[in-house]
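Visitor: With our numbering, the residue at position 190 of the sequence shown is 539, and numbering never jumps. A single structure is presented below for examination.
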Amino acid sequence: MSDTIATLNLKLLSNDEVFGFLNDVTHQLLDTFTVIPDYAQDFIAAQSDFNEALKGKDDVLTTKELSAADHDTDQAWGCLNAYLKIMRSHPVNSKREAAETIYQQLTKYENPAMMSNSAKYGILERLLLDLKALPKEIFIEADADAWLKDLDHKCAKFVQMYSARVQDKATKIPGITKAARIRAINAYRNMVKLANAMLMISPSTELTHFASHLNELISSKQTAIKIKKTKSINTDIVSCLEPNDDDITACVIE
């Protein structure tokens, strides 16, 4: 009797990670079988639907556009930071002091380029409020008013796009994307169940080859899941040691 296909728990994986794994399975099917078995047809169709749901064809705000706004914001902050570092050594005392004042406000928060989008979203608004609270004359004296306008414009675009993206995801992920994910995972499980039955009853060379390569994929993904689960537990422990007063479940580790 041929080895059967191992089980894999996909619950801890993100949508992109689930799609990536199932996409690898699809490619393995197409590469192995001359004619796709009937028991795999539903899975391929469900995976295609999941792909379309993740693409979000009707989205006005794409991941690519948000990524571009994120990059522009990081670049604007970096340019202003680099400029102020130079101006802090300006030979004219008044310009040097003005640059130092702005620099202290700018660096009060962590470099946005080192933050996740969610953290950056909250920080940028506070940063701009702090910078705009400074007298305009300071920016003029430091010749930094154009840099501030550039940063303000790019931050505003990022904040607007990220906020809209969050609202968009809140609507779509629990609906279309979540349903498509569940269908794809269930179709995969059903395919594996039927493939394992065929392996025990009448294993073909193609099916045995497919099962062997799929088990390699599963083994690799199981390792990734173990690492992710360990990181998740460690994060929960840190959260428990430093609980959020607003979160009464901060010390509950499931």
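Think of the CB as a built atom: it goes at the ideal place given N, C-alpha and C, for glycine as much as any other residue. Since we're looking at a predicted model, the values are computed, not measured.
Cβ of methionine 436 within 8 Å of Cβ of alanine 491?
Guide: Going by C-beta atoms, methionine 436 is nearer than 8 Å to alanine 491.
Visitor: If contacts are defined as beta-carbon pairs under 8 Å, then valine 508 and leucine 473 qualify, I think. What distance do you get, rounded to the angstrom?
Guide: Yes, valine 508 and leucine 473 are in contact; Cβ-Cβ is about 6 Å, under 8 Å.
Visitor: Note down the Cα distance separating asparagine 535 from asparagine 358, rounded to an integer number of angstroms.
Guide: If you take the alpha carbons of asparagine 535 and asparagine 358, they lie about 11 Å apart.
Visitor: So, is alanine 529 buried or exposed, given that buried needs 16 or more other C-beta atoms within 10 angstroms?
Guide: By the neighbour-count rule (16 or more Cβ atoms within 10 Å), alanine 529 is buried.
Visitor: If you draw a straight line from the C-alpha of serine 467 to the C-alpha of glutamate 555, how long is it?
Guide: Distance between the alpha carbons of serine 467 and glutamate 555: 46 Å.
Visitor: Does the region 393 to 404 come into contact with the region 566 to 573, if we say contact requires no fewer than three beta-carbon pairs (one atom in each stretch) closer than 8 Å?
Guide: In short, these stretches do not touch, since the Cβ pair count stays below three.
Visitor: Return the CA-CA distance between lysine 360 and glutamate 401, expressed in angstroms with no decimal places.
Guide: Answer to the nearest angstrom: the Cα atoms are 20 Å apart.
Visitor: At the level of alpha carbons, what is the spacing between leucine 362 and histidine 439?
Guide: Taking the straight line from one Cα to the other gives about 52 Å.
Visitor: Give the DSSP-derived three-state secondary structure of leucine 556 in the structure shown.
Guide: The answer is helix: DSSP assigns leucine 556 an H, G or I state.
Visitor: Hey, how far is the Cα of proline 386 from the Cα of leucine 371?
Guide: Each residue's Cα considered, the two are about 17 Å apart.
Visitor: Helix, strand or coil for alanine 482? Go by DSSP, reduced to three states.
Guide: Helix, per DSSP.
Visitor: Start and end of the alpha helix (DSSP H) containing alanine 546?
Guide: Unbroken alpha helix (DSSP H) run through alanine 546: 527 to 550.
Visitor: Do the CB positions of alanine 560 and alanine 544 come within less than 8 Å of each other?
Guide: For alanine 560 and alanine 544, yes; Cβs fall inside 8 Å.
Visitor: Please name the residue in Gly369, Ser551, Ser443, Asp373 whose C-alpha comes closest to that of leucine 403.
Guide: That would be Gly369, whose Cα lies nearest to the Cα of leucine 403.
Visitor: With a Cβ-Cβ cutoff of 8 Å, do threonine 422 and cysteine 504 count as a contact?
Guide: In this structure, cysteine 504 lies closer than 8 Å to threonine 422 by Cβ.
Visitor: Does DSSP put methionine 510 in a helix, a strand or coil?
Guide: Residue state, collapsed to three classes: helix.
Visitor: Per DSSP, what kind of secondary structure is alanine 417 in: helix, strand or coil?
Guide: Here alanine 417 sits in helix by DSSP.
Visitor: How far does the alpha helix (DSSP H) with arginine 437 in it extend, from its first residue to its last?
Guide: No alpha helix (DSSP H) contains arginine 437, which DSSP labels as neither H nor E.
Visitor: So, are the CB atoms of tyrosine 537 and valine 374 less than 8 Å apart?
Guide: A contact, by the Cβ cut-off of 8 Å.
Visitor: Comparing the C-beta of methionine 510 with each C-beta of chain C, is any distance below 8 Å?
Guide: Among the protein chains of the structure shown there is no chain C, as only one such chain exists.
Visitor: Nearest CA to the CA of asparagine 430: which residue from Ile550, Ser443, Val541, Leu455?
Guide: Measuring from the Cα of asparagine 430, the nearest candidate turns out to be Leu455.
Visitor: So, under 8 Å CB-CB, asparagine 564 and alanine 355 are touching, yes? Tell me the CB distance rounded to an integer number of Å.
Guide: Right, their Cβ atoms sit about 5 Å apart.
Visitor: Report the option in Val367, Asn364, Leu415, Thr381 whose CA atom is closest to the CA atom of histidine 609.
Guide: Outside the shown range of the chain (350 to 603) lies residue 609, about which nothing can therefore be said.
Visitor: Rounded to whole angstroms, how far is the Cβ of leucine 480 from the Cβ of leucine 497, which I believe are closer than 8 Å?
Guide: Their Cβ separation, rounded to whole angstroms, is 6 Å, which keeps leucine 480 and leucine 497 in contact under 8 Å.
Visitor: Would alanine 447 and isoleucine 487 qualify as a contact pair, given that the criterion is a beta-carbon distance under 8 Å?
Guide: Yes, they are a contact pair.
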